[in-house]
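In mature numbering (1 follows the signal peptide of the UniProt record, and there is no 0), the protein residues as written are -24 to -1, 1 to 194.
Okay, structure coming up:
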């Protein structure tokens, strides 16, 4: 029994080391402004994340089956694509100026989850060098060029900071114009806080080294 307890202790310590080594920053606020470590790229949970189990999920403090109730799934499927995008934007906009306790990716995941009434639970991003990609989901469609984005789309990038460092970042598109697009995002203007920013096409081209743009479908 004594040897067994020692083995479990060593395994627990090893897991702490491995998890700690996988933490990387998400967004400018983490990288350049404050000393905050946020989970990104590995799908880890932050304070305030929706609680997930194999068969249920918490949406706006309401427990529903994973992927929503049958009525919720029918409602989401019946919406037009514009209506889905508007629902995501409205949910995101309600958080602007608020400290949400979530990094960019986890906030975007929670936003889409709430906007879809639990139907769309975005997968974690791919690890390491492919950290700007989500895992596969039937609710995600890659729209290709950034010029193709619409309100409600989710954009994941590798962004070059003024220091020259590259940081992964996730944003929700609020609106699009001929000169660029406006996003709502967490952990950029301030640590784990949601803000709004307009990015010109020129700035995007000069700052982003890799990206994917996704549409959340029904």
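Backbone N, C-alpha and C define an ideal beta-carbon position, used for all residues, glycine too. All of these numbers come straight from a predicted model, not from anything done at the bench.
Just mark residue i as buried or exposed, buried being the case when its beta carbon has 16 or more other beta carbons within 10 Å.
i           : result
residue 118 : exposed
residue -1  : Only weak support exists for where residue -1 lies, its pLDDT of 35 falling under 50; the coordinates are left without a value.
residue 144 : buried
residue 41  : exposed
residue 188 : buried
residue 44  : buried
residue 75  : exposed
residue 120 : exposed
residue 73  : exposed
residue 167 : buried
residue 3   : buried
residue 111 : exposed
Taking the continuous alpha helix (DSSP H) assigned at residue i, which residues delimit it?
i           : result
residue 180 : 177 to 183
residue 149 : It is not in any alpha helix (DSSP H) - residue 149 instead sits in the beta strand (DSSP E) that spans 142 to 152.
residue 85  : 80 to 91
residue 65  : 57 to 69
What is the residue span of the beta strand (DSSP E) that residue i lies within?
i           : result
residue 40  : 38 to 41
residue 164 : That residue, residue 164, is in no beta strand (DSSP E); it is neither H nor E in DSSP.
residue 134 : 130 to 136
residue 117 : 116 to 118
Would residue i pass as a contact of residue j if the rule is Cβ separation under 8 Å?
i           : j           : result
residue 38  : residue 129 : no
residue 132 : residue 101 : yes
residue 136 : residue 185 : yes
residue 91  : residue 63  : yes
residue 139 : residue 79  : no
residue 149 : residue 126 : yes
residue 194 : residue 47  : no
residue 113 : residue 98  : yes
residue 96  : residue 109 : no
So residue i and residue j are supposed to be a Cβ contact under 8 Å. How far apart are they, rounded?
i           : j           : result
residue 156 : residue 164 : Wrong, their Cβ atoms sit about 16 Å apart, outside the cutoff.
residue 35  : residue 77  : 17 Å between Cβ atoms; not a contact.
residue 134 : residue 142 : 5 Å
residue 146 : residue 81  : 4 Å
Which class does residue i belong to by DSSP, given the choice of helix, strand or coil?
i           : result
residue 100 : coil
residue 124 : helix
Should residue i be flagged as near chain C, meaning a C-beta pair shorter than 8 Å?
i          : result
residue 70 : In the displayed structure, chain C is absent; only one protein chain is listed.
Can you find a heavy atom of the ligand FMN that lies under 7 Å from the Cβ of residue i?
i          : result
residue 36 : In the structure shown, the ligand FMN is absent, as is every other ligand, since no ligand is present at all.
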